[in-house]
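Taking mature numbering (1 follows the signal peptide of the UniProt record, and there is no 0), I'd label the letters of the sequence shown as residues -23 to -1, 1 to 400. The beta-carbon is built from N, C-alpha and C at its ideal position, and this holds for glycine as well.
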Amino acid sequence: MERRRFLGLTAAAAALGLTATVAGCGSIGGDGGDVTLRLVAADYDLTGGNTTKKYWDDLVTAFQAGHPGIKVQVDVVSWDDVDRKVAEMVKAGKAPDVAQIGAYADYAAAGQLYSADELLTIPVQANFLPVLADAGEYSRTQYGLPFVASTRPLFYNLDLFEKAGVKPPTTWDELAEAAAKLKEEGVRTPFALPLGPEEAQAESLMWLLSGDGGWTDDSDRYAVDSDANVKTFTWLKDELVGKGLTGPVAPGKLNRKAAFAAFARGEVGMLNGHPSLLKEAAKQGVKVGQAPLPGTDGPPKSAMGVADWIMGFKQNGHRKEVGSFLDFVFTDENVLKFAGDNDLLPVTVTASNRMATEAEHAKLREFLKALPTAQLPPVGKTSWAKVSETIKQNIGTAVTPAGRPDEVLGSIARTATAAEAAE
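What follows is the structure, encoded as structure tokens:
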């Protein structure tokens, strides 16, 4: 997500247009009845290293040792390209057997995926955290298997907070007061609010949930311009942006990557954080505090969650072999290894319980606590790709000096309604 696109968020748009020419695509029958499965997986190594490839190589070696007759070939592709490449493979009739990418709904809608119960043994399927299993459903059937997850607490610069004499806020009013004190102390950016096109749909959802709203209502219908959502963006416009408490540029021009980089340099007092920022901040000597996101009257009932997905394609017909491989992928050891190495969260109940008690994962506990009750973007809707892109391109204008939150949200709502009707 930097390029880890959690939470299938921005990757959904890429999944609409589909291609990848990977040598030897598909599953190939070998000598003696062997089956070779093709896996295309996203690269989570933010440093340009090969940790993701090593993870899959080690996992495949262990799997093949216990499953004679099944071989797995792995292609690791950057987050910038992986959704598009898998889409192109599918379009060309050369779908991989397994893909670990950012979105699944379009493939599920096209009837191209195995459902979870066609692939996994009952204990494995039942072990997914319910909130993630639900988010993997298309038309009430689970097709998307959660691979890793994340939540977003509030990050704050401990040294800047101590200097300003402020405590972590629990309400929006306290957040605005803390930001004002940070500004008085000369902090360049009291609160970084990235509503630029990189991931504005996710940043916005964190705030909407904190204001008792969201992109959808309880019946999973779009509710973009609800009263609660309009109030949230009106508060952001008037109480944070309008009072000069954000920066270093206008929120609509600030992308998450730039906001995170400024925080890691010690220039930002607070922002809505992501696990990947912890290492970079520590590397640059910034001490990071974590707290639940503030809400109107206290921490909200639900934080935002994000997940990336793994799925099995039907085209090559190796349901049993794909299922055996995915059962192995979701063992506690494999789930914990990948999540822990990448500062992400496990997707199963048993692995989550282990992470919560193991000292080596202590820095992820604030994220982990929020996951069981988290709300994910509506990634099970095929319309979400278009709606998400519309949000990313327009939501930043709601908090400009001339911005009208009700009009901006109303315009996005009309796009959402039309896209939903076309599903």
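- Residue pairing by DSSP places Val245 opposite Thr166 in a beta bridge.
- With fewer than 16 other Cβ atoms inside 10 Å of its own Cβ, Lys144 counts as exposed.
- Following the DSSP letters along the chain, one finds Asn134 in no alpha helix (DSSP H) but inside the beta strand (DSSP E) bounded by residues 131 to 134.
- Ala80 is bridged by DSSP to nothing; it lacks a bridge partner.
- For Trp212, the enclosing alpha helix (DSSP H) begins and ends at 204 to 212.
- Rounded to the nearest angstrom, the gap between the Cα atoms of Ile389 and Asn371 is 8 Å.
- Just measuring C-alpha positions, the residue of Leu131, Ser181, Ile99, Thr308 sitting nearest Val385 is Ser181.
- Nearest neighbour of Lys297 by Cα position, chosen from Thr98, Ser196, Arg381, turns out to be Thr98.
- Per DSSP, reduced to three states, the secondary structure at Trp361 is helical.
- Under the 10 Å beta carbon count, Gly224 is surrounded by 16 or more other beta carbons and is classified as buried.
- For Phe124, the enclosing beta strand (DSSP E) starts and ends at 122 to 128.
- A distance of 8 Å or more separates the beta carbons of Val63 and Ala351.
- Contact between the region 126 to 142 and the region 280 to 288 is present: 3 or more CB-CB pairs across the two stretches fall below 8 Å.
- Excluding the 5 residues flanking it on each side, Ile47 has same chain C-beta neighbours closer than 6 Å at Val12, Glu298, in chain order.
- CA-to-CA, the gap between Thr394 and Tyr199 works out to about 7 Å.
- Per the DSSP secondary-structure output, Lys31 pairs with nothing in a beta bridge.
- In the DSSP assignment, Glu180 forms no beta bridge with any residue.
- Nearest in C-alpha terms to Gly79, of all of Gln89, Leu90, Val59, Lys208, is Val59.
- By the Cβ rule, the region 158 to 178 counts as touching the region 245 to 253, because three or more pairs are nearer than 8 Å.
- Distance from the CA of His44 to the CA of Ala258, rounded to the nearest whole angstrom, comes to 42 Å.
- For Leu96, the secondary structure class from DSSP, reduced to helix, strand or coil, is helix.
- The straight-line gap separating the alpha-carbon atoms of Phe105 and Lys158 is approximately 43 Å.
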